[in-house]
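Scroll down for the structure; my scribbles are underneath it.
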Amino acid sequence: MVHRASLPRAGVAGRRGLSQDISAAAVDPQAGHLAPVGPADRIAVLDVIRGVAILGIFFMNIPFMAGPIWLADSNPRAMGWSEADRLVWTVIQTTWEGTQRGLLQFLFGAGLMVFARKAMEPDGPVGVADLYLRRNLWLLGFGLFDIFCLLWPGDILHVYALCALGLFPFRRLAVRWLLPLGLGFAAFTFVTGAIEYRERAQIAATVRTALPKAQAGHRLTATEAAAVKAWREAEGRIAGTDPLIRSEARKEAAARSSPHMADYAGWMIGSYLMLVGKGELLFGVAEAFPAMLIGIALWRLGFIQGRRRARDYLLVMAAAYGFGMGARYLGCLEYLAFAPQPKTIWMTDELARLAVSLGHVAALNLLVRARIGAALARPFRAAGQMAFTLYFLEQIIGLWILYSPLGFDLPGGQGWAHLAGQAALVTAGLLVAANVWLRHFAMGPLEWLWRTLAYGAAPPFRRVAATSGTD
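For the sequence shown, numbering that gives the first Met the number 0 begins at 0 and goes up steadily by one.
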């Protein structure tokens, strides 16, 4: 229900290293121990991708921060449905929804490969694995803080941390195994979606004959009655009249309108626990882990870090966007009918998400190869280097300043277009702030804290002016 949502480079030359969505480890040649990478060791295109993804995730999250969550999740018209709202909703669903997670998941897998370079040596795995697990246990702690203190039930950090605990052994797996495993969840959802499509098509066919029969006063068979009941329940979910949806919507409205922060906090935490109870945490891990394996494969192929020919990126972008956006736009048309007809997007949803995410990787790698494109992408490098800090700032702004009883307490249901405008203003401000900050400091404050906790030593915080000299 809640969209979860890490993730960059501005030139083609100088590919020397990288950071995870989070930074990688390097070996200090003098001290002989693992240390965070320095600015010169980062691959710029990965910072750009990360920056685009971490800012773009706010466009996905702000509707759920504003509400009404329960009504809008089943019926997007509840958020506002002007011509502009329909256009914005369709564009976001076709081009962006879920792909910011896809980019972060790819980068998380690629980041493991950078982080684990030392582990490829015979004496390396133990120390690197220890540091990798320690970093991700701290990441889990930050994620739980995001959920229970910042009150964001859609946190992605704890999901990725849980995935990371099992990711390290896959670092040496060949691409011919990584890609099939990475597509496993998409294949599973295609099969389950096909089953659901077939069942709904059968119900629809039965209802088409049963409704005229019932209107004529004839008795329905048990099969016909069950089909009509299932159809009407589906109509209720789409219209937002389902009893469970209405009940949860009333609880949400009461919590958001309460002047007491405790009511708001209780509802947010309760929403997360409900999501876990409904299997959303398991679903999040099942979605993220295979995509991280694809990220490892993309690194091994030299694709994500910009080592392929421009022609390769152009072909992949065209194919990925053609299938992915085509399938998603068809899915939008199916949903815009607001009827419980069978939908092809049930089968293609995850495959299309991965495809469009891959298309974004290709597009950004092409962008940074052009002089104008590199100039346009350059500001996003700073956002990518401060992705951890910016992610938390988005929660603070959305949950505590814009839409909480302690902040402006803005009303929900303002419309998709209005919320997209708010998200654009917030992310533009964060982009400027990140670039200004990194003129004076080596990293974001939360990046510094995380590295200090993981490495057991504080890295330099203020930016050190470059000095000239010879080696």
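No residue lacks a Cβ here, since even glycine has one placed at the ideal position from N, Cα and C.
Reduced DSSP category for residue i - H, G, I as helix; E, B as strand; rest coil
i: R461; result: strand
i: F141; result: helix
i: A453; result: helix
i: K250; result: helix
i: W266; result: helix
i: I237; result: helix
i: K342; result: coil
i: A433; result: helix
i: H217; result: coil
i: F58; result: helix
i: R308; result: coil
i: C162; result: helix
i: H359; result: helix
i: C331; result: helix
i: I396; result: helix
i: M112; result: helix
i: F337; result: coil
i: P28; result: Annotation note: pLDDT 36 at P28 (below 50); position unreliable, coordinate value reported separately. In the structure shown, P28 sits in coil (DSSP, three-state: anything other than H, G, I, E or B).
i: F41; result: Here the sequence assigns Arg to residue 41, which means Phe is not the residue at that position. R41 falls in the coil class under three-state DSSP.
i: S256; result: helix
i: I244; result: helix
i: D408; result: coil
i: L448; result: helix
i: V367; result: coil
i: G325; result: helix
i: P211; result: helix
i: D46; result: helix
i: F302; result: coil
i: D154; result: coil
i: Q99; result: helix
i: L149; result: coil
i: G79; result: coil
i: G192; result: helix
i: Q104; result: helix
Spatially closest choice to residue i from the options, by CA coordinates
i: R156; options: V463, W449 and I293; result: According to the sequence shown, residue 156 is Leu rather than Arg. The candidate whose alpha carbon is nearest that of L156 is W449.
i: R462; options: W436, A453 and A456; result: W436
i: A423; options: I396, D408 and E446; result: I396
i: R207; options: A224, I194 and T191; result: A224
i: A362; options: E198, W176 and A318; result: A318
i: M541; options: A386, H417, T426 and P410; result: The structure shown has nothing for residue 541, since the chain only spans 0 to 470.
i: A52; options: L430, F288 and A77; result: L430
i: Y328; options: W266, G383 and T94; result: T94
i: D408; options: D145, S256 and T240; result: S256
i: A433; options: L292, Y390, P459 and L401; result: Y390
i: P152; options: V275, I202 and L335; result: V275
i: L350; options: E286, L332, W399 and G406; result: E286
i: W399; options: A264, G330, P459 and L272; result: A264
i: F167; options: L149, F189 and F114; result: F114
i: D72; options: P289, E247 and I48; result: E247
i: N364; options: I56, I303, G321 and A238; result: I303
i: P67; options: W415, A456, A457 and R370; result: W415
i: A193; options: M316, T347 and A209; result: T347
i: F107; options: W266, P289 and W88; result: P289
i: L86; options: L335, P444 and L392; result: L335
i: R438; options: Q394, P444, A381 and L452; result: A381
Beta-bridge partners of residue i, as assigned by DSSP
i: F440; result: R461
Residue i burial status per 10 Å Cβ neighbour count (16 or more: buried)
i: S270; result: buried
i: R170; result: buried
i: R175; result: exposed
i: K342; result: buried
i: T388; result: buried
i: S403; result: buried
i: A354; result: buried
i: R308; result: exposed
i: H359; result: buried
i: E198; result: exposed
i: D241; result: buried
i: C148; result: exposed
i: I42; result: buried
i: A185; result: buried
i: F187; result: exposed
i: F337; result: exposed
i: A77; result: buried
N- and C-terminal bounds of the alpha helix (DSSP H) containing residue i
i: Y402; result: Per DSSP, Y402 belongs to no alpha helix (DSSP H) and is neither H nor E.
i: W298; result: E279 to R299
i: G181; result: V174 to G181
i: R370; result: R370 to Q384
i: Q92; result: E82 to T94
i: I68; result: I68 to S73
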